[in-house]
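Each step along the sequence shown adds one to the number in this note's numbering, with nothing skipped, and position 37 is 70.
For every residue, glycine included, the Cβ atom is placed at its ideal position computed from N, Cα and C.
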Amino acid sequence: MSNKEVKAALKSAREAIRNKEYKEALKHCKAVLKQEKNNYNAWVFIGLAAAELEQPDQAKAAYKKATELEPNQLLAWQGLANMYEKSKQTDIKGDLADVYQKLLELYESGDKQKWYDVCNKLVELYHQEKKYPEVAETWQKLIQMKQGQGAEKAELHQLWKKMIKLLKDSTQSRDSGAEQSLLTAFEHAVNSADTVPGEDHQNLYKDFIQCLSNFPHEAARLEQACNDMMALYPTVSYPLEVLCLHFVQSGTLSEEAFDCFSRLLEMDASSGPAIIGLGVKFLQEKKYKEAVKSLTEGLQLTSQCAGAWHYLAEAQMKIHKHRDAVLSCSRALKALGAPGGPTLRLKNLILRLKAEALIKIADADAAEEAIKSLEQVEDASSDPVVLALRGQAYLNKGFTDQAAQISQELLLSHPDLAESHALQGFIHYSQKSYEQAERSFLNAIERKPETAEYHQYLGLTYWFMSDETKRDKGKAHTQFLKAAKLDSYLGSVFCYLGNYYRDIAGDKSRARGCYRKAFDLDETHEESGEAVVDLSMELGDMDTALSILNKVTENATAGTAKWAWLHRGLYYLRTDQPSQAVADLQAALRADPKDANCWESLGEAYLGRGSYTTALKSFRRATELNPELVYSIYKAAEVEQILGKYENAIATYQEILKKTEDYVPALKGLGECHLMLARSALDNFYDRR
């Protein structure tokens, strides 16, 4: 076949393709290849015809052959691109990206519009595959090309905004290159806007700041962006809110941070971050109750700030609301998400604080959870304070040997650490080895004299050591006073002071004051509540006693606060208010249905109200629970006598007299019953009865 015939065959192949006679085209091309096996156009036409005949493998092979023969010719690359674009196969996207890259290279020095079209297609392909670094690199090339052609500022602004849209999901992939490209796009977009200030620009700035706040390592950039936006939009609270939360989250409580809190509070007193900032300020000023109130209120409005939950837990620990602190720490960990970089430090602080709170709860389940929290602390084994906490958790769980082992290791490795000696003191105290406990707590106090808990435990050590040290004002009493002075929120120490003034010093008035302070600090503390009510009644101050009882019963849920219901029920019983007494004593029994004395009192209340049948049931229930309650047996007989069941009453009175011959009320009741039976017989003409 001559050169002229080859050209004629290729022309025929082109005509056949135009007429969609693809098999005919293949025949012409194959004839050409027999003569010229490296004919570029023949291979391209084979690729095109085979693709139309749905023979993708043959088409691909033909195009590939053509690209090998003439790598800088467009036709074969264009054909490959068209074929891959139409293909439904998912595994060819990598090949398509390579083809687009080659086309970009070929178009770069020629047709710019086609270069832009291919570039857009390549970016879209990378975006579908979530290859964000490649998206960023390719789109930046497009922007550079536009800049080189002298594109208008408005067009470049739209391109940077498109880049933001393309990369907005890259934050989930945690690719540092893509993250930096996204931030760069934001910076260019906010700086290239036409209308400044303006609503679109303001929203763009907000998105930029929101994006920066997702990257803890970009603190300096975030602060700068917030300050820049505040300069442009001084009446908009958003950048100030983000900046406040940033300071809270990072634990940066500088003068600048407190200034931000104050400015935001002035701008919008109902803003969640502003109220959180106020709470942090209260915490710094040691106004712990106010801190808890403000932080709680702020977190109801802005709940996703882990740092704020941590501060709330700290404030709750300061006022010894340990269970609340555990819940706040759990919320903090949930809000923290996946920690990395600066957030790892915060995670360790939260886990440690949660463990401390659980240890203060002092039960086995809480101790188990505390151990689990400490296991998650980074480098916990090398931190002696964390090891001391682990020792306390083991002690609370009843694993004294493990606690003792940690204590010995700490005393050898860190003899100057107060926590080492305190742990040893707690172990001795739990074993009632009070003399050894005294030495340990004195050593701990020598190293950390400002820790109220150490003084409290030293006071308790003296209290239980002997009657002599209990009565010695220079021992237990002094330590309790020191603890109370160091920590005015430590309710338990005020309760111990109340015990001292009531049982040792005999000063009921001062004892009542201490119990009242303990109860005000923790209204769930039954011992102090009961003691202040009892002493108030003894001192004739019924108003104080009733106000406390009313407060506790109003807040009590079903089946709780038995002591308060019982005390108020007895008060109503003494003051001849039987209906109110019945209601309160029933509530007390819901908390403890097996309290025989409470059933006896309820029987008295029913009797006072004239409900004889229910009174009889109550007295019988009391004697079932405690057969030694002679008074309940007697009252049951008395009710039977009132109901006219004289024979039953006589049997009950006789049962009492078998055990207690000189029980006068039973003797009197027995005589009255016999008399009533005799009178009944006479009335019915039963002579000689």
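So, using beta-carbon positions, are residue i and residue j closer together than 7 Å?
i, j, result
"residue 160", "residue 216", "no"
"residue 423", "residue 407", "yes"
"residue 508", "residue 488", "no"
"residue 148", "residue 132", "no"
"residue 387", "residue 362", "yes"
"residue 547", "residue 531", "yes"
"residue 420", "residue 439", "yes"
"residue 474", "residue 490", "yes"
"residue 595", "residue 625", "yes"
"residue 639", "residue 629", "no"
"residue 430", "residue 399", "no"
"residue 513", "residue 534", "no"
"residue 242", "residue 267", "no"
"residue 369", "residue 344", "no"
"residue 237", "residue 259", "no"
"residue 281", "residue 331", "no"
"residue 734", "residue 176", "Because the chain in this structure spans residues 34 to 722, residue 734 falls outside the shown range and cannot be described."
For residue i, I'd like the list of residues in its chain whose CB is within less than 6 Å of its CB, leaving aside the five on either flank, ordered along the chain.
i, result
"residue 686", "670, 699, 702 and 703"
"residue 569", "577 and 578"
"residue 601", "582 and 617"
"residue 364", "342"
"residue 413", "407 and 419"
"residue 239", "271"
Per DSSP, what kind of secondary structure is residue i in: helix, strand or coil?
i, result
"residue 627", "coil"
"residue 555", "coil"
"residue 266", "coil"
"residue 87", "coil"
"residue 522", "coil"
"residue 663", "helix"
"residue 590", "coil"
"residue 383", "helix"
"residue 689", "helix"
"residue 121", "coil"
"residue 140", "helix"
"residue 80", "helix"
"residue 410", "coil"
Taking the C-alpha atoms as reference points, what is the distance between residue i and residue j?
i, j, result
"residue 592", "residue 598", "10 Å"
"residue 493", "residue 459", "11 Å"
"residue 506", "residue 538", "9 Å"
"residue 403", "residue 482", "26 Å"
"residue 185", "residue 279", "37 Å"
"residue 499", "residue 467", "9 Å"
"residue 264", "residue 307", "19 Å"
"residue 312", "residue 357", "16 Å"
"residue 71", "residue 152", "31 Å"
"residue 309", "residue 284", "13 Å"
"residue 156", "residue 172", "7 Å"
"residue 351", "residue 524", "11 Å"
"residue 74", "residue 94", "14 Å"
"residue 426", "residue 209", "41 Å"
"residue 113", "residue 203", "30 Å"
"residue 693", "residue 645", "26 Å"
"residue 107", "residue 140", "9 Å"
"residue 320", "residue 518", "16 Å"
"residue 86", "residue 55", "7 Å"
"residue 67", "residue 195", "51 Å"
"residue 2", "residue 214", "Summary: the structure shown does not reach residue 2, with the chain confined to residues 34 through 722, and so no result is reported for it."
Using only alpha-carbon positions, find the residue among the options that is nearest to residue i.
i, options, result
"residue 542", "519, 566, 483 and 553", "566"
"residue 324", "123, 349 and 586", "349"
"residue 20", "53, 82 and 52", "Outside the modelled stretch of the chain, which goes from 34 to 722, sits residue 20, for which no answer is possible."
"residue 555", "495, 527 and 580", "527"
"residue 656", "646, 257, 636 and 195", "636"
"residue 441", "708, 121, 417 and 65", "417"
"residue 100", "67, 428, 228 and 135", "135"
"residue 619", "608, 609, 607 and 632", "632"
"residue 355", "395, 376 and 223", "395"
"residue 262", "291, 229, 289 and 411", "229"
Looking only at its own chain, which residues have a Cβ that is under 7 Å from the Cβ of residue i, when we skip the five neighbours before and after it?
i, result
"residue 612", "642"
"residue 682", "670, 673, 674, 702 and 706"
"residue 65", "39, 42, 43, 72 and 75"
"residue 274", "297, 304 and 306"
Check whether chain C comes within 7 Å of residue i, counting only Cβ atoms and requiring the distance to be less than that.
i, result
"residue 467", "No chain C is present in this structure, which holds just one protein chain."
Among residues of its own chain, excluding the 5 on either side of residue i, which ones have a beta-carbon nearer than 8 Å to its beta-carbon?
i, result
"residue 188", "179"
"residue 689", "663, 666, 667, 670, 696 and 699"
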